[in-house]
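For reference, the structure is listed below as structure tokens.
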Amino acid sequence: MQIRGALAVAMLSLAASSALSEETKMQNRPYLGPYLGMWITGDGHIRQELLPNGRYDEARGTRKSAYRGRYEVTGDHIEYWDDTGFTADGDFIGDVLHHGGMIFYRDGKKPE
721 MQIRGALAVA
731 MLSLAASSAL
741 SEETKMQNRP
751 YLGPYLGMWI
761 TGDGHIRQEL
771 LPNGRYDEAR
781 GTRKSAYRGR
791 YEVTGDHIEY
801 WDDTGFTADG
811 DFIGDVLHHG
821 GMIFYRDGKK
831 PE
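For the sequence shown, this note's numbering begins at 721 and goes up steadily by one.
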């Protein structure tokens, strides 16, 4: 009976380790595409940096790192998974990011 219990614990531990490993891989998916860098709303209030390690860091006003999480870009579409649990998405049209009803410009520069 003790062997059976020990075997069950070992199997559960292995399964949990495998699931954690898969989650870690998803969080650290690198991105080296054309949309890397800083995206800023026209008024400068929201600043979102897309990092090459597949993570983003968003500042709002004077609050640095107000939101953080991971992101994935497919074509011109971006999906976000915030560390607090909510999800969002957006679309790049040229050098403009449309996300959450807001418009972001690369480095805060509006296109001419």
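No residue lacks a Cβ here, since even glycine has one placed at the ideal position from N, Cα and C.
Beta-carbon proximity list for residue i, same chain, < 6 Å, skipping 5 on both sides
i	result
Ala-735	Its pLDDT being 44, under 50, Ala-735 is placed unreliably by the model, and nothing is read from it.
Glu-832	none
Glu-799	Glu-792 and Asp-809
Burial state of residue i, where buried means 16 or more other Cβ atoms lie within 10 Å
i	result
Arg-767	buried
Ser-741	Because Ser-741 sits at a pLDDT of 42, beneath the cut-off of 50, its placement in the model cannot be relied upon, and the point is left open.
Gly-764	exposed
Arg-826	buried
Gly-789	buried
Leu-770	buried
Boundaries (first-last residue) of the beta strand (DSSP E) holding residue i
i	result
Lys-784	783-794
Asp-802	797-802
Leu-770	766-770
Tyr-776	775-780
Gly-757	757-761
Leu-817	816-819
Ser-827	A quick correction: the sequence has Asp, not Ser, at residue 827. First-last for Asp-827: undefined, no H or E at that position.
Phe-812	807-813
Contacting residues, own chain, Cβ-Cβ under 8 Å from residue i (five flanking each side not counted)
i	result
Ala-786	Glu-778, Ala-779 and Arg-780
Asp-796	Asp-811, Phe-812 and Ile-813
Ile-823	Thr-761, Gly-762, Val-816 and Leu-817
Trp-801	Gly-789, Arg-790, Tyr-791 and Thr-807
Among the options, the one whose alpha carbon lies nearest that of residue i
i	options	result
Tyr-791	Gly-805, Lys-830 and Gly-821	Gly-805
Thr-834	Met-758, Tyr-776 and Gly-753	What is shown of the chain runs 721 to 832, which leaves residue 834 out entirely.
Lys-829	Leu-752, Trp-759 and His-819	Trp-759
Any non-hydrogen atom of the ligand ATP within 7 Å of residue i CB
i	result
Arg-775	Of the ligands one can find in the structure shown there are none, so the ligand ATP has no counterpart to examine.
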